[in-house]
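Before any comments, here is the structure.
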């Protein structure tokens, strides 16, 4: 069924996957969980028992799944917890062994106490989690040989203790491999389509720039917002300002231009996820409407700007409050 689906629809692919896994395993809730570029996760597909609260569309901060856990998901593709409230059995190790035993590959490995509490807080007692991996981008792998990266997870929750026998887990793992192949094709096709669209748009805009002043790429179609995924764009040219979409005020744009000339005069531009983190003094006054920015210098004193709004304003968060500054240090405990 996965292989027979029409191309060009990752959402449909994920919907079919969660239904298939739900039919196979019988869990109360099955979710497809995708990692974004900043490593936070989003539930993009869900199959659940009708009386359960929906989680689809919820975003969870990157620290909900620490780097250590992500590393384990790359090594061991399936992780089952039959009963998170079960009393863990300690490992008795021969004192002659120089190093502690690694239980990374053990199905019987007890969950960490904080993860067990996290599950109970969600009303879940048992879980089955399977990793979804795809090929790394060429620029990420840094070599001709493509590596693998963790695209997301398929997460199954149950309100009662539940054990899934090995043959069924193996069948799920095979299903995830088929899904990963299909997903990889879709991701690559989408990337190629985006690249072609950007190249076509760039060609048109460059032609506009050669034939006209920079104003044309703001007043005609296509415009600069068709190149970059953004909420707004601005042109600061010969002491005049043109804007598209959601942008700072004219006074703020002039202030940002002055700040760039003072603090980044040696560069041809600036790209940042957060103007506050980049050190712009007036970032707080911009509010949630403007957070990230890309700017390029087109003359000694003139700029083109692209702006993005604050992520937290646009999406619904589950779990702990999302703070982009809270980077995972690899040892953070989730309470």
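In UniProt numbering, the protein residues as written are 1 to 335.
Positions of the beta carbon are idealized from the N, C-alpha and C atoms, including for glycine.
Only a predicted model underlies this, so the values are computations on that prediction, with no experimental measurement involved.
The three-state secondary structure of residue 68, taken from DSSP, is helix. By the Cβ-count criterion, residue 16 is buried, with 16 or more other Cβ atoms from all chains shown falling within 10 Å of its own Cβ. Secondary structure of residue 172 (DSSP, three-state): helix. Beyond the five residues adjoining it in sequence on each side, residue 247 comes within less than 6 Å, by CB distance, of 232, 234, 307 in the same chain, given in chain order.
Residue 282 and residue 252 have their C-alpha atoms some 8 Å from each other. The straight-line gap separating the alpha-carbon atoms of residue 169 and residue 28 is approximately 16 Å. Per DSSP, residue 25 lies in no beta strand (DSSP E) segment; the continuous alpha helix (DSSP H) that holds it begins and ends at 10-25. Pairing residue 202 with residue 227, the inter-Cα distance amounts to about 7 Å. The Cβ-Cβ distance between residue 78 and residue 122 does not fall below 7 Å. Relative to residue 198, the option among 225, 66, 179 whose CA is nearest is 225. The beta carbon of residue 100 sits closer than 8 Å to the beta carbons of 93 from its chain, once the five residues preceding and following it are set aside; these are given in chain order.
The segment 260-270 and the segment 281-298 touch, with three or more beta-carbon pairs separated by less than 8 Å. In the DSSP assignment, residue 78 is bridged to 130. Each of 285, 134, 69, 126 was checked against the Cα of residue 104, and the nearest Cα belongs to 69. Residue 113: member of the alpha helix (DSSP H) spanning 113-121, first to last residue. Annotated as distal: residue 154 and residue 25, with beta-carbon spacing of 7 Å or more.
Along the length of the segment 250-310, whole beta strand (DSSP E) runs at least 3 residues long occupy 269-272, 292-297, 303-308, reported in chain order.
Along the length of the segment 141-220, whole beta strand (DSSP E) runs at least 3 residues long occupy 148-158, reported in chain order.
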